[in-house]
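J.: This is the structure I have questions about; it appears just below.
Protein chains: 4
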Amino acid sequence: MYVLPRRGFLFAGAAALVTRLAGQTASRESLVDDVVTANHILAAQDIVDAFGHVSVRTAPGAGRYLISRSVAPAQVTAADIMELDLDSKPVVVAGGAEKRTSYRERFIHGEIYRVRPDVMSVVHCHAPALIPFGITKIPLRPVYHNSSFIGEGVPVFEIREAGGDTNMLVETPELGRALAKALGNKPAVLMRGHGAVIVGKNIIEAVARSVYLEVNARAQAQALAMGARVTYLDEGEVKKRAEDPDPYGRAWDLWKHQAMQQPGR
Amino acid sequence: MYVLPRRGFLFAGAAALVTRLAGQTASRESLVDDVVTANHILAAQDIVDAFGHVSVRTAPGAGRYLISRSVAPAQVTAADIMELDLDSKPVVVAGGAEKRTSYRERFIHGEIYRVRPDVMSVVHCHAPALIPFGITKIPLRPVYHNSSFIGEGVPVFEIREAGGDTNMLVETPELGRALAKALGNKPAVLMRGHGAVIVGKNIIEAVARSVYLEVNARAQAQALAMGARVTYLDEGEVKKRAEDPDPYGRAWDLWKHQAMQQPGR
Amino acid sequence: MYVLPRRGFLFAGAAALVTRLAGQTASRESLVDDVVTANHILAAQDIVDAFGHVSVRTAPGAGRYLISRSVAPAQVTAADIMELDLDSKPVVVAGGAEKRTSYRERFIHGEIYRVRPDVMSVVHCHAPALIPFGITKIPLRPVYHNSSFIGEGVPVFEIREAGGDTNMLVETPELGRALAKALGNKPAVLMRGHGAVIVGKNIIEAVARSVYLEVNARAQAQALAMGARVTYLDEGEVKKRAEDPDPYGRAWDLWKHQAMQQPGR
Amino acid sequence: MYVLPRRGFLFAGAAALVTRLAGQTASRESLVDDVVTANHILAAQDIVDAFGHVSVRTAPGAGRYLISRSVAPAQVTAADIMELDLDSKPVVVAGGAEKRTSYRERFIHGEIYRVRPDVMSVVHCHAPALIPFGITKIPLRPVYHNSSFIGEGVPVFEIREAGGDTNMLVETPELGRALAKALGNKPAVLMRGHGAVIVGKNIIEAVARSVYLEVNARAQAQALAMGARVTYLDEGEVKKRAEDPDPYGRAWDLWKHQAMQQPGR
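Chains as they are written, first to last, in our numbering: chain A, 1 to 265; chain B, 1 to 265; chain C, 1 to 265; chain D, 1 to 265.
Okay, here's the thing in structure tokens:
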């Protein structure tokens with residue numbers, strides 16, 4: 001029977017693993033590989049489509065982060081990864097000015113890294129199942145153990161309060177700051193009529209939370225559509241689950257395989 | 001890690017890009033390539049199935065458009081593309097009569113081009129998520145930033161008002177004119193019990209609007225099924241988003257890759 | 001750009017085409033090919049899973065039909081096709097007794113062919129979207145032009161009325177006759193807690209009706225879940241659409257390609 | 001036309017077949033092959049994602065079971081299969097201590113095998129469609145003939161009653177016993193905010209019940225969302241269906257093919 005070259009992949013997954021366990025002290029090359037992989041995973045898992053982005057802070061406490069230039073996540077390669085500072089301006093590279101351009105909404109990343117030293121990775125996505133919870137007053141609440149982090153709170157960012165009538169994009173430092181404020185100390189924030197931002201203490205956590213935020217949204221919506229009263233995870237359960245040091249490692253390894261099985265999706 | 005030949009594709013995407021930025025003055029070959037690509041994208045994105053079609057006007061102000069002969073969108077090749085006039089009659093080619101036959105509902109295209117000089121591309125589709133909004137009195141409204149054009153209005157075409165009991169197909173010039181009238185100056189019109197027609201100032205816009213019309217319909221339906229009050233994009237947001245000169249270029253490039261990854265879908 | 005070998009497929013699709021236009025006088029080989037193709041299409045379109053079957057009458061007025069021995073539709077090959085009589089007993093082949101066994105529910109086919117001379121092809125499926133309409137009192141009604149045949153009526157077969165408590169399977173001639181009676185002169189019948197049976201004047205019609213029965217069920221369910229009043233196709237529209245001599249030919253050609261792109265699905 | 005190498009697969013499927021018909025006396029090699037196949041089927045059918053597991057008892061009456069070490073189901077190979085006793089401790093292999101680690105929730109398996117001598121196989125999954133029925137008071141009931149076993153009862157395990165505030169995981173013998181008690185003599189038990197456990201008298205039954213539990217959940221949810229009264233399979237129908245000696249064999253063969261068509265999914 002055909003078998004996936006799993007062990008080779010585990011080796012390839014070592015960067016993220018080292019990053020995770022050692023507190024983000026992996027080599028530059030490893031970090032770039034992680035960002036590329038995260039882009040492909042988010043695309044293969046249908047969390048991002050042509051739009052959306054993911055970044056990683058270069059080191060604990062650092063005022064720099066890695067993110068792709070402005071292309072669709074499924075198409076990101078190592079050559080596309082740029083280094084930005086907390087003002088979301090490209091860092092001068094090798095004696096010259098950085099000429100590529102990152103995403104218009106890169107300020108989401110810079111402004112969150114600025115005020116959340118615990119955050120090492122940020123995802124911005126438009127996963128369709130999240131939209132209904134951003135446009136109604138129904139709060140997203142945890143109905144699934146792997147989505148327990150939702151119990152810490154997932155507020156909604158109403159861009160009208162921050163900027164009046166806009167083109168809905170967080171494309172200025174000011175809107176980035178307003179979004180970071182709406183996020184507060186939470187794991188994720190929904191954006192009304194737009195999508196969501198999810199953060200993590202490492203890139204595996206940010207990606208896995210993005211996937212399970214969407215899984216939870218679908219299950220909760222289905223339960224509510226049946227017109228039934230729902231039992232959510234309670235505070236104690238949310239806390240107990242947050243004590244798990246590595247809840248998503250196995251998922252990252254599998255998703256990486258799957259993303260490589262269907263490149264460009 | 002396997003990487004998509006993205007740059008090659010960007011080059012291949014140049015036709016649409018040039019078309020878009022230069023106001024549709026691309027070569028005939030480029031336009032044909034765009035129509036073929038648009039067909040494959042719409043099929044790969046599940047916007048059309050065996051039925052549905054897409055056309056492009058040959059030049060600004062021209063009374064001609066390119067569309068495939070009558071085959072399923074996933075199977076269209078350059079050799080299938082025909083040139084029709086505003087009466088949706090084939091233009092005589094190279095000294096002889098055009099013997100192939102285009103779609104029975106080609107009048108949708110000709111009659112819209114006749115009364116909408118701003119329209120350079122037309123899509124007709126049966127995307128399943130649109131059907132519920134054509135058969136109920138619930139209006140499709142914008143809940144998602146990439147679908148903001150819905151805020152300009154998406155009326156419903158009731159073919160019974162135009163033609164009494166029909167076979168539901170817009171297969172005469174008269175029904176085409178009635179549909180064009182129902183569309184008015186809007187970006188799209190739903191067809192009761194049938195599907196939708198979407199227009200754009202270029203082929204990228206027409207295709208991308210088709211995709212995001214469907215995304216919006218699913219999200220809005222899900223929100224309504226939860227029984228909640230919904231916050232829609234407001235007029236100011238819709239206007240601000242309409243000012244973006246190239247909101248969908250990145251999506252076209254990705255979708256083209258994906259369509260080529262899974263030919264025939 | 002990679003292009004499907006469409007023309008070759010059109011040639012391969014000639015059997016069904018000839019069958020359709022000439023009133024089922026195609027060669028035995030062509031009919032076998034049609035049944036195999038129909039099995040693969042129904043599997044690729046997610047209308048059947050491991051279960052379900054499709055048959056074709058050998059000629060107008062004939063008391064014989066072709067159907068596979070008991071294997072999953074995606075796996076049917078020409079060598080699996082058997083010939084059964086109206087008692088659903090295998091016809092003796094080439095001087096010997098037929099030793100293979102067809103489906104336990106083959107009586108669905110034989111008993112319908114017995115009382116419906118207009119029927120040349122029968123599909124039995126378990127498409128998930130049909131289940132809710134078989135277990136509730138909500139009638140399936142036409143909301144989509146390609147599903148207009150639903151307007152001729154799609155009754156529900158309640159096996160309890162015919163056989164009391166059963167294992168839900170139509171595995172006797174008596175239950176087959178009861179099902180055929182419930183079907184009456186309609187294009188399809190739902191089976192409570194089980195699935196559906198769809199008939200056609202040729203194999204293309206039976207297969208296409210199976211696909212569009214499911215599309216209609218999903219759209220109607222979604223409209224009802226939004227709590228809205230629905231406008232169905234009216235009697236006149238249903239009649240006008242029934243006059244189309246070949247509404248599904250283009251779909252058959254595409255579906256055949258797609259089934260061949262993903263064998264075993 | 002391309003045809004699946006079905007017969008070869010049927011041969012490869014012989015292990016499970018022998019197991020099934022001969023009452024689980026297949027060779028060790030056959031059992032290992034069955035567990036690997038079951039893992040791949042459950043992944044390909046979207047019943048498990050990165051998480052979830054499946055085990056088989058080594059022989060009728062035996063106090064041992066086979067299960068993978070802790071990896072994602074899609075990635076399990078024969079080399080990953082371990083043998084555990086009813087305390088869910090690894091059995092010493094070939095003179096040495098077993099150094100690999102199985103799933104944290106392996107106690108689900110051991111504690112069920114301990115009290116259910118009729119159970120030869122256990123599946124634990126997180127299939128999304130099951131979540132709404134675990135978090136509401138709406139009982140899962142049989143609406144589909146292939147899901148008739150649900151009529152024997154599918155209780156909900158509320159881990160709070162057994163362990164107060166936990167991390168939701170059944171990762172101790174005590175919680176495993178509480179889950180086994182909640183299961184009782186039923187074919188499956190839902191786990192509130194987590195997933196489900198499904199058992200069978202052989203591995204084919206456990207896997208097929210897992211698939212059809214999910215199919216039933218989707219159909220029932222859809223019917224309830226339409227706000228209609230539902231006719232469920234009654235007691236007599238459930239009993240009659242339970243008499244079928246081999247209802248799922250054809251499905252196993254197909255699913256095995258499909259899992260091999262898309263390795264790593």
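Backbone N, C-alpha and C define an ideal beta-carbon position, used for all residues, glycine too.
Between Ile159 of chain D and Val48 of chain D, what straight-line distance do the alpha-carbon atoms span, to the nearest angstrom?
T.: If you draw a straight line from the Cα of Ile159 of chain D to the Cα of Val48 of chain D, it comes to about 21 Å.
J.: Can you list the residues of chain B that Phe107 of chain A reaches, using a CB-CB cut of under 7 Å?
T.: Result: empty, since nearest Cβ-Cβ is about 16 Å, beyond 7 Å.
J.: Straight-line CA distance for Ala97 of chain D to Phe157 of chain A?
T.: 54 Å
J.: Note down the Cα distance separating Met260 of chain B from His40 of chain B, rounded to an integer number of angstroms.
T.: 8 Å
J.: Please give me, in chain order, every unbroken run of the beta strand (DSSP E) with length at least 3 that falls completely inside the segment 136 to 219 of chain A.
T.: Runs found: 188 to 191, 195 to 200.
J.: Take the Cβ of Ala22 of chain A as the centre, count every other Cβ of all protein chains shown within 10 Å, and call the residue buried at 16 or more, exposed below.
T.: Its pLDDT being 46, under 50, Ala22 of chain A is placed unreliably in this model, and the value from its coordinates should be taken loosely. Taking all protein chains in view, the Cβ of Ala22 of chain A is surrounded by fewer than 16 other Cβ atoms within 10 Å, so the residue is classified as exposed.
J.: Can you name the residues of chain B whose CB is closer than 9 Å to the CB of Leu224 of chain A?
T.: Ala225, Met226, Gly227, Ala228
J.: How big is the Cα-Cα spacing for Pro155 of chain C and His126 of chain C?
T.: Cα to Cα, Pro155 of chain C sits roughly 16 Å from His126 of chain C.
J.: Looking at the unbroken beta strand (DSSP E) that takes in Arg64 of chain A, where does it start and where does it end?
T.: 64 to 68
J.: According to the neighbour-count rule (16 or more other Cβ atoms, all chains shown, within 10 Å of its Cβ), is Asn185 of chain B buried or exposed?
T.: exposed
J.: How is Gly47 of chain C classed by DSSP in three states: helix, strand or coil?
T.: Reading off the sequence shown, one finds Ile at residue 47 of chain C, where the question assumed Gly. Ile47 of chain C: coil per DSSP, three-state reduction.
J.: Using 10 angstroms around the beta-carbon of Asp118 of chain C, count the other beta-carbons present and answer buried if the total reaches 16, otherwise exposed.
T.: With fewer than 16 other Cβ atoms within 10 Å, it is exposed.
J.: Checking the sheet assignment: what are the DSSP bridge partners for Leu130 of chain A?
T.: Partner(s): none; Leu130 of chain A has no beta bridge.
J.: Going by alpha carbons, who is nearest to Gln258 of chain B out of B:Thr136, B:Ala44, B:Leu31?
T.: The option with the nearest alpha carbon to Gln258 of chain B is B:Ala44.
J.: Just the C-alpha distance for Val93 of chain A and Glu205 of chain A, rounded to the nearest angstrom, thanks.
T.: 29 Å
J.: To the nearest angstrom, how far is the alpha carbon of Ala59 of chain A from that of Val122 of chain A?
T.: 14 Å
J.: Let me check understanding here. Comparing Cα to Cα, which of A:Leu179, A:Gly153, A:Ala162 lies closest to Pro187 of chain A?
T.: A:Gly153
J.: Relative to the alpha-carbon of Ala281 of chain D, which residue among C:Gly63, C:Val32, C:Ala72 has its alpha-carbon at the smallest distance?
T.: Any property of residue 281 of chain D remains undetermined from this structure, which presents chain D solely from 1 to 265.
J.: Are any of the Cβ atoms in chain C nearer than 8 Å to that of Gly23 of chain D?
T.: No answer about Gly23 of chain D holds up, because its pLDDT of 47 lies below 50 and its placement is not dependable.
J.: Between the segment 196 to 221 of chain A and chain D, which residues of the former have a C-beta closer than 7 Å to a C-beta of the latter?
T.: Val215, Arg218, Ala219
J.: Pick out the complete alpha helix (DSSP H) segments inside the segment 222 to 248 of chain B, 4 residues or longer, and give them in chain order.
T.: 235 to 242
J.: Start and end of the beta strand (DSSP E) containing Val115 of chain A?
T.: Taken as a continuous stretch (DSSP letters only), Val115 of chain A belongs to no beta strand (DSSP E), being part of the alpha helix (DSSP H) at 107 to 115.
J.: Ordered along the chain, which non-local residues of its own chain (more than five positions away) have a Cβ less than 6 Å from that of Tyr103 of chain D?
T.: His53, Ser70
J.: If we call anything under 8 Å between Cβ atoms a contact, is Ala162 of chain A one with Leu175 of chain A?
T.: yes
J.: In three-state terms, what does DSSP make of Leu31 of chain B?
T.: helix
J.: Based on Cα-Cα distance, which residue from C:Ala74, C:Ala242, C:Val91, C:Asp246 lies nearest to Asn167 of chain B?
T.: C:Ala242
J.: Is the CB of Thr136 of chain A under 8 Å away from at least one CB in chain B?
T.: yes
J.: In the DSSP assignment, find the beta strand (DSSP E) that holds Ser55 of chain C and state where it starts and stops.
T.: 53 to 57
J.: Tell me, please, whether the CB atom of Thr37 of chain C is closer than 8 Å to any CB atom in chain B?
T.: no
J.: Taking the beta strand (DSSP E) that Leu84 of chain B falls in, what are its first and last residues?
T.: 81 to 85
J.: Please state if the CB of Val211 of chain B and the CB of Pro142 of chain B are separated by a distance shorter than 8 Å.
T.: no
J.: Strictly below 8 Å CB to CB, what residues from chain D border Arg241 of chain A?
T.: Asn167, Met168
J.: Report yes or no: is there a C-beta of chain B within less than 8 Å of the C-beta of Gly151 of chain C?
T.: no
J.: Using beta-carbon positions only, say whether Gly61 of chain D and Gly134 of chain D come within less than 8 Å of one another.
T.: no
J.: Under 7 Å Cβ-Cβ, which residues of chain A neighbour Arg192 of chain D?
T.: In chain order: Thr231.
J.: List the residues that DSSP assigns as beta-bridge partners of His124 of chain A.
T.: A:His53, A:Val197
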